[in-house]
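Novice: Sharing a structure below in structure tokens format, with a few things to ask.
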Amino acid sequence: GGLIFLLRRYWSGTKKRARIHLTPAEREKKDGKKKPPFWTRIALILSAIGVAFSHGANDGQKGIGLVMLVLIGVAPAGFVVNMNATGYEITRTRDAINNVEAYFEQHPALLKQATGADQLVPAPEAGATQPAEFHCHPSNTINALNRLKGMLTTDVESYDKLSLDQRSQMRRIMLCVSDTIDKVVKMPGVSADDQ
1 GGLIFLLRRY
11 WSGTKKRARI
21 HLTPAEREKK
31 DGKKKPPFWT
41 RIALILSAIG
51 VAFSHGANDG
61 QKGIGLVMLV
71 LIGVAPAGFV
81 VNMNATGYEI
91 TRTRDAINNV
101 EAYFEQHPAL
111 LKQATGADQL
121 VPAPEAGATQ
131 PAEFHCHPSN
141 TINALNRLKG
151 MLTTDVESYD
161 KLSLDQRSQM
171 RRIMLCVSDT
181 IDKVVKMPGV
191 SADDQ
């Protein structure tokens with residue numbers, strides 16, 4: 001603790017302290033370089049390595065987790081939905097969405113009991129070219145299913161036809177609907193056939 005106190009006291013008296021908080025654009029204006037200094041990058045890498053090796057003995061799982069974080073950070077478009085899904089799998093997804101919507105329309109009391117809220121009817125988006133941002137809330141379940149149906153029209157045979165934003169939004173909506181379905185399935189009023 002004392003060493004940290006001394007280093008902090010020394011560091012507070014230098015001009016380098018303010019340089020740590022520079023954005024790449026500010027750093028380029030000041031120094032002509034976008035990247036942080038070499039020793040700053042080395043310190044960051046070494047501290048990350050130290051943390052990775054000092055926290056627990058399950059290095060294999062940690063390593064895979066770190067690799068996944070890097071891959072997802074570098075190439076998120078490939079991890080949003082299964083880009084290798086066949087037309088048959090997409091059709092099955094579309095059918096599942098239709099079946100879930102039909103079930104919720106036939107059993108609105110179960111949906112209300114599971115979510116604890118009435119289903120909201122969204123206002124039409126006047127003149128909107130892009131769909132509004134989706135917020136996951138149990139009262140949006142029917143709206144979420146309608147959005148999914150709008151994205152997965154019958155002419156979609158590959159997820160390549162959807163933009164990156166649409167694929168990302170579709171994944172979030174599917175996860176939200178899946179949470180609601182899990183709640184409904186666990187309720188006592190749902191028959192084994194419906195589960």
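In terms of the working numbering, the sequence shown opens at residue 1 and continues consecutively. A virtual CB, placed ideally from N, CA and C, is assigned to each residue, including glycine. All values derive from a computational prediction rather than experimental measurement.
Take Asn146 as the anchor and find which of Ala52, Ile90 and Met170 has the nearest alpha-carbon.
Specialist: If we check each option's Cα against that of Asn146, Met170 comes out closest.
Novice: Looking at the structure shown, is Asn98 part of a helix, part of a strand, or coil, going by DSSP?
Specialist: Helix at Asn98.
Novice: Taking only the alpha-carbon atoms, compute the straight-line gap between Val80 and Tyr10 and give it to the nearest angstrom.
Specialist: Those two C-alpha atoms are separated by around 46 Å.
Novice: Compute the beta-carbon to beta-carbon distance between Met187 and Ala96, rounded to the nearest angstrom, for a pair I have assumed lies under 8 Å.
Specialist: With 8 Å as the limit, Met187 and Ala96 do not qualify as a contact, their Cβ atoms being about 19 Å apart.
Novice: Roughly how many whole angstroms lie between the Cα atoms of Arg27 and Gly63?
Specialist: If you take the alpha carbons of Arg27 and Gly63, they lie about 32 Å apart.
Novice: What's the gap between the Cα of Pro37 and the Cα of Leu44?
Specialist: Roughly 11 Å separates the two Cα atoms.
Novice: Roughly how many whole angstroms lie between the Cα atoms of Phe104 and Arg92?
Specialist: Their backbone Cα atoms lie some 18 Å apart in a straight line.
Novice: Could you spell out the range, first to last residue, of the alpha helix (DSSP H) harbouring Met170?
Specialist: Unbroken alpha helix (DSSP H) run through Met170: Leu164 to Val185.
Novice: Over what stretch of residues does the alpha helix (DSSP H) that includes Ser47 continue unbroken?
Specialist: Here the alpha helix (DSSP H) through Ser47 covers Phe38 to Ser54.
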